[in-house]
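One structure below.
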Amino acid sequence: MSQPDEVDVVVIGLGPGGEHVAASLARAGLSVVGVDRRLVGGECPYFGCVPSKMMIRAADALAEARRVPALGGSTEVTADWTPVADRIRDEATDDWDDTVAVKRLEDAGARFLRGTGRLAGPGRVVVTTDDGDVELTVRRGVVLNTGTEPAVPPIDGLADTPYWTNRDAVRLRELPTSLVVLGGGAIGCELAQAFSRFGVEVTVVEAFERILGPEEPEASAVVASALEAEGISVRAGVGVSSVRHDGAFAIGLADGTTLAAQALLVAAGRRTNLGDVGLDTVGGDPSARVIDVDERMRVAGVDGLWAIGDITGKGAFTHMSMYQANVAIRDLTGEDGPWADYRAVSRATFTDPEVGSVGMTEKQARDAGLNVGVGISKLQESSRGWLHKVGKEGVIKVVADLDRDVLVGATAVGPSGGEIIGMLVTAIHAEVPLATLRGMHFAYPTFHRAIETALGDIS
Ligand SMILES: Cc1cc2nc3c(=O)[nH]c(=O)nc-3n(C[C@H](O)[C@H](O)[C@H](O)COP(=O)(O)OP(=O)(O)OC[C@H]3O[C@@H](n4cnc5c(N)ncnc54)[C@H](O)[C@@H]3O)c2cc1C
Ligand SMILES: NC(=O)c1ccc[n+]([C@@H]2O[C@H](COP(=O)([O-])OP(=O)(O)OC[C@H]3O[C@@H](n4cnc5c(N)ncnc54)[C@H](O)[C@@H]3O)[C@@H](O)[C@H]2O)c1
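Going letter by letter, the sequence shown gives residues 9 to 467 in this note's numbering.
Structure (structure tokens):
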């Protein structure tokens, strides 16, 4: 190992946020090294949001075409996976090649090292590359953005089988005839519906009592019945107890039944990449599942260390990684905030119907001891829902803190649920009084007009 290089900032892990931090700080004139052992940009562009949303866009187009007979004519829909597989390769991932992203980073003025980065004591980082170890001394700080890997539960026999994770699912050239999806979270539900719409026979197995566990129960119910109406079998409240593969999968469930399928997709959550980043060398806890950060994204109790993205446990979303990146950039460049605030974190799950949500669920608000009021309206009972006819099911649920007279949480399930939620994000973020919200204009006949009904229902 040669003499350590001295730099201002090292970013270990270049997910969406880490890439943004490295490029922005380099553009601001700091000397920056960005380190990634896989692809610059992380999970989202290559294995996550982007390829999955391309699959979903195509699947939704097929579903809309199949709805034509109920509304105005006839269609014959022949699904073809080839354009989707091609688009993922050509437009999204460059066939899982990050040359463009590396050039973008280097053009911003950062140095890129492909390898595994590890803290090696205060102000020191060692990067293990194919050409040996590179030692770096850091003047200003290290930013961790090491993200997650798919979690694979310790199920009898599973490890010895050719199961897929999201990283395999987005690379498929050809679809299986049948698929079991282990896990009914966001990944499981989104991909289950996309594959089903391309003709795959899909079963979702979810150990918790309902799919989309972090969402409101009303959202889980609407999505579960939409999936079932399309022919997806949803087995909630039962875990997978064994997996065997002998040409095809035999998946044993805890209730004694066995499912047969050509393919198995494991979508059972994520494992944070924190075990091998050398947290122990700076006084951190190497066995921590998530890393504690303050409002400036500084790691609690460790000088000169910032963390952003999924590893902070504040919400495993690209927009969270980018939000926290901007906070860390402000702190590292000596700006005066604004600092991180998580009251109005929003998310969209791109099932059809879509689930948009923000802030607290009713249960979270009650557990927090708030004086809770809840209002609900059903999209299918709104004018727009009635007009929409097929695919009209949905629900708006708002959760209010009656003592403060503001909303603290909301869910919008239905066509464009992820867009409808936008105004409720503003309401919660800006703490708009309920009386002000109730006095607004809501255009007729929009889906978001159902929010007015939900506000009127709060009790
Ligand atoms: C199928 C799927 C669909 C998704 N859809 C959405 C969506 O629609 N909307 C949304 O907001 N979010 C979505 N997500 C979540 C989103 O992908 C992540 O929240 C996002 O990528 C942010 O992650 P991150 O910044 O923490 O890092 P990641 O994207 O996980 O990147 C971390 C990077 O660090 C690197 N790394 C790890 N350890 C080291 C080390 N020691 N040294 C060097 N490099 C290292 C990894 O190689 C990786 O490139 C989806 C995820 C999946 C899997
Ligand atoms: N649209 C989006 O924003 C989007 C889309 C996909 C993923 N994501 C992010 O990625 C994260 C990971 O997604 P995910 O769906 O993998 O995780 P998740 O934790 O949300 O869901 C995993 C599900 O698997 C179930 N499970 C675990 N072990 C099981 C077993 N042995 N048998 C049956 N079920 C089992 C869990 O009960 C859980 O419901 C999400 O938390 C989300 O933040 C976001």
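We put the CB at the ideal spot given by N, CA and C, even for glycine.
Helix, strand or coil at residue i [DSSP, three-state]
i      : result
MET9   : Model confidence at MET9 stands at a pLDDT of 48, short of 50, so the residue's coordinates are unreliable and nothing is read from them.
THR145 : strand
ASP404 : The sequence given here has Ile at residue 404, not Asp. ILE404 falls in the strand class under three-state DSSP.
ASP16  : strand
ALA356 : strand
THR454 : coil
SER467 : coil
GLU114 : helix
SER32  : helix
GLU217 : coil
TRP104 : coil
THR289 : helix
ALA71  : helix
GLY393 : helix
ASP375 : helix
VAL335 : helix
ILE436 : helix
ARG45  : coil
PHE257 : strand
Beta-carbon gap between residue i and residue j smaller than 8 Å
i      : j      : result
ALA418 : GLY367 : yes
THR357 : ALA237 : no
TRP104 : GLU182 : no
ALA462 : ILE384 : yes
MET328 : VAL353 : yes
ILE299 : THR266 : no
GLY117 : ARG205 : no
ILE316 : VAL150 : no
VAL48  : ALA100 : no
LEU187 : ALA269 : yes
VAL17  : VAL134 : no
ILE428 : LEU415 : no
TRP347 : ARG304 : yes
Alpha-carbon spacing of residue i relative to residue j, whole angstroms
i      : j      : result
ARG95  : SER60  : 11 Å
ARG338 : ASP164 : 47 Å
GLY140 : THR124 : 11 Å
VAL290 : ALA128 : 8 Å
LEU38  : VAL15  : 8 Å
THR185 : ALA78  : 27 Å
ASP106 : ALA31  : 15 Å
VAL363 : ASP311 : 39 Å
ARG126 : ALA276 : 27 Å
MET9   : THR154 : The predicted position of MET9 is uncertain, since its pLDDT is 48 and thus under 50; a value taken from the coordinates is nonetheless stated next. Roughly 24 Å separates the two Cα atoms.
ASP13  : TYR171 : 42 Å
HIS28  : MET330 : 7 Å
GLY342 : VAL43  : 23 Å
LEU180 : PRO225 : 33 Å
VAL110 : PHE120 : 7 Å
GLU217 : GLY422 : 22 Å
PRO308 : VAL285 : The identity of residue 308 in the sequence shown is Ala, whereas the question assumes Pro. Cα to Cα, the separation comes out at about 16 Å.
Residue i Cβ short of 7 Å to ligand 4 heavy atom set
i      : result
HIS327 : As for ligand 4, it is missing from this structure, which binds only ligand 1 and ligand 2.
Cβ separation of residue i and residue j, assumed to be a contact under 8 Å, to the nearest whole Å
i      : j      : result
GLU401 : VAL230 : 6 Å
GLY192 : ILE219 : 3 Å
GLY464 : ARG446 : 7 Å
ALA200 : LEU235 : 7 Å
C-beta neighbour in chain B for residue i, strict 8 Å
i      : result
THR145 : The structure shown has no chain B; it contains just one protein chain.
Next on the checklist: Under 6 Å, CB to any heavy atom of ligand 2. Which residues pass, going along the chain?
Outcome noted: PRO161, ILE163, LEU190, GLY191, GLY192, GLY193, ALA194, ILE195, GLY196, GLU198, VAL213, GLU214, ALA215, PHE216, GLY221, GLY247, VAL248, ALA275, ALA276, GLY277, ARG278, ALA324, PHE325, ARG355, ALA356, THR357 and PHE358
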